[in-house]
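Just remember that this note's numbering sits 18 ahead of the position in the sequence shown, which is counted from 1.
All remarks here apply to the structure that follows.
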Amino acid sequence: MHLKSPQLGARPISRTQPSNHRTIVRAAADGASTSLVGDPAVAGGIAFTMAFGVINRVLYKMALNPLGNYVFFLAQLQTFGYCLCYFTFLFVRKRQGIVTDEMISAPDKRLFALNGLLEAMSQLLGLVGASQLPGVVLPLFQQTVLIFTIGFGYLILGKKLKPVQILGALLVGGGVGYAALPAGESAGVLSQVDPKYALIFIASMIFPALSSIIKEKIFSDAKEKLGGKQLDLFVVNSFGSLAQAVFVILFLPVLTSLRGIPLSGLPSYLADGFTCFVGGSPSCGSNCSAAPLLPLLYVAFNLAFNISILQLLRSAGNVVQSIVLASIVPITIYAFTLPLPYLPAPPELGPNFLVGTLILMGGLATYQSPNWLPAAQKKFKSS
C-alpha cells in the first residue's frame, strides 16, 4: 500500500505499500460497467485517479526527505489519519444501516490483529527502504508484489493461474531483473541503489501479499457467518488500520535498534522526531524545513488517491481500474526524471532500465489480459 502507497499495476490487494501498496477496497465490483463512451464522469474519474496516483507516489518520496530519519512519525501520521478516515466512513455507513452490528461482530478479531501486524511491517520496511533509494526505482520495485501474491496464493490457497497470467508474471519479474542490469560502463540509475535498501524495500512487498490472503479469509469467513451476505469493506479497513497503528508503536524499539539507537536513547529519538516533524532542527542535523507540509500533503493525496480508486471501481469496474493502475507506473517513473523540489537531481536512466520498464509494462498488460481483453473484444465487435 498498499491506502498507503498502493502497488501500482497489481490488483488492489492491500492498504500499505506503496499502497503500499494500498487501495482501500478489494476488487468487489467486477460486474460494473466498463464503458466510458459518453460518460464524462467516468472519464473525469480516470483523469483524477491517474493524477492523484502520480502525485501520491512523488509525495511519498518527498515526505521522506524531512522525515527519512524518523519514519516512525510518518508511519503514525499515515496510520492515524487512515483510522480517522475509515472509522468516520464506518460510523456514517452504520448510521445509514449499511453496516450492521452483526457485520462488526462476525470477523475473527485475531485475523484483524494478524493483518495489522503484516501491514505495519510492510509500512515500516517500505519507508526505511524508500528513504535511501532513488524515487525512479520505487514504482519498478513495487511490482514485485505481484510475484509474491501469486506465489503465496499458490502455496497457501492452492490458486492456479491461466498460462497467460503465468507468462505475464514472468515478464514482470524479468523486467525488474533486466532493469537492474548495468549497461556497459554506465550503470545508469541502478548505480545509485544500495542493494541492502533495495532488498529491504522489495521485502516490504512480501507482507501486503500475505495480508491479501488474510483479508480474503476474513471476507470468506464472515460471509458464512452472515448467511451469504458480504461483509462491508470499511469494517475490515477500520479495524485493520487500528491494529496496524498499535503494531507500529510496538515496533518502535525494533525500528530504533535497526538504526543503532539503544533503548535508553528512545526518548531523545522521539523528541528529535517531533522537533523535525514540526519543522525544527533536531540534534542529528536533518533538514526538516519541509515539514510538516510535505508529510501532510502526502497523507492528504494518498487518501484522495484511494478514495478516487474506490469511486472508479464502483463506476467503471475492476477492468478499467486495473488498466488505470498499470498506466500510472510509467508516468510515475517519468515524473521522477524531472527536476523536482526537495529531491536530488534526477538520475540518468540507462537503456537497460528503460527496456526493463517496457518489459514490465508488457507483463502487467499480459497478466491483466483476462480482465481487459474480453471487454476490448466485445467493444470492438459492437462498434
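Glycine is no exception: its CB is placed at the ideal position from the N, C-alpha and C atoms.
For secondary structure counted as the alpha helix (DSSP H) over 4 or more consecutive residues, the region 161-205 holds these complete runs in sequence order: 162-175, 181-197.
Per the Cβ contact rule, the region 92-111 is not in contact with the region 210-227 (fewer than 3 Cβ pairs under 8 Å). Counting along the chain, the unbroken alpha helix (DSSP H) around THR384 starts and ends at 369-385. Annotation for PHE354: no alpha helix (DSSP H) segment contains it, and DSSP assigns it neither H nor E. Exclusion of the five residues before and after PHE295 leaves PHE91, ALA309, PRO310 as the residues of its chain whose Cβ lies within less than 6 Å of its Cβ.
For ASP290, the enclosing alpha helix (DSSP H) starts and ends at 284-295.
Around the beta carbon of ALA363, fewer than 16 other beta carbons sit within 10 angstroms, so the residue counts as exposed. Cβ-Cβ separation between ALA61 and LEU143: approximately 37 Å, too far for a contact (criterion under 8 Å). The residues LEU54, LEU330, ALA334, VAL338, VAL342, in chain order, have a CB closer than 8 Å to that of ILE64 in the same chain once the five nearest residues on each side in sequence are set aside.
Per DSSP, SER301 lies in no alpha helix (DSSP H) and is assigned neither H nor E. Nearest C-alpha to VAL155 among MET121, MET68, SER209: SER209. Nearest in C-alpha terms to VAL76, of all of VAL317, LEU328, LYS399, is VAL317.
Segment contact: the region 110-129 against the region 173-185, fewer than three CB-CB distances shorter than 8 Å; contact not assigned. Relative to ALA138, the option among LEU273, GLY245, ASN324 whose CA is nearest is LEU273.
In terms of Cβ geometry, CYS101 and LEU260 form a close pair [threshold 8 Å]. With a cutoff of 8 Å on beta-carbon distance, ASN389 and SER326 are scored as not near each other. Between MET80 and TYR352 the beta-carbon gap is near 16 Å, outside 8 Å, which marks them as no contact.
Between the alpha carbons of PHE319 and THR350 lies a distance of about 15 Å. Cβ neighbours of PHE66 within its own chain (closer than 7 Å, five residues either side excluded): SER326. Between the region 367-383 and the region 182-202 there are three or more C-beta pairs closer than 8 Å, enough to call the two in contact. Counting along the chain, the unbroken alpha helix (DSSP H) around GLN94 starts and ends at 89-113. The alpha-carbon separation between LEU312 and VAL266 amounts to approximately 21 Å. If you check the CB distance, GLY134 and VAL254 do not come in under 8 Å. Taking PHE292 as reference, the option from GLY86, PRO357, LEU358 with the minimal CA-CA separation is GLY86. One thing to note: TYR88 has its Cβ no nearer than 8 Å to the Cβ of GLY147. Approximately 19 Å separates the beta-carbon atoms of GLY71 and TYR385; this is outside 8 Å, ruling out the contact. Of the residues assessed, SER286 falls on the exposed side of the cut-off, its CB having fewer than 16 other CB atoms within 10 angstroms. Burial is judged here by how many other beta carbons sit within 10 angstroms of a residue's own beta carbon; GLY297 has fewer than 16 and is exposed. Taking C-beta atoms under 8 Å as the contact rule, LEU372 and THR355 fail to qualify, at a distance of about 10 Å. In this structure PRO271 touches LEU284 by the C-beta definition: roughly 7 Å separates them, less than 8 Å. Contact check for ASP239 against PRO125 passes: the beta carbons are separated by less than 8 Å.
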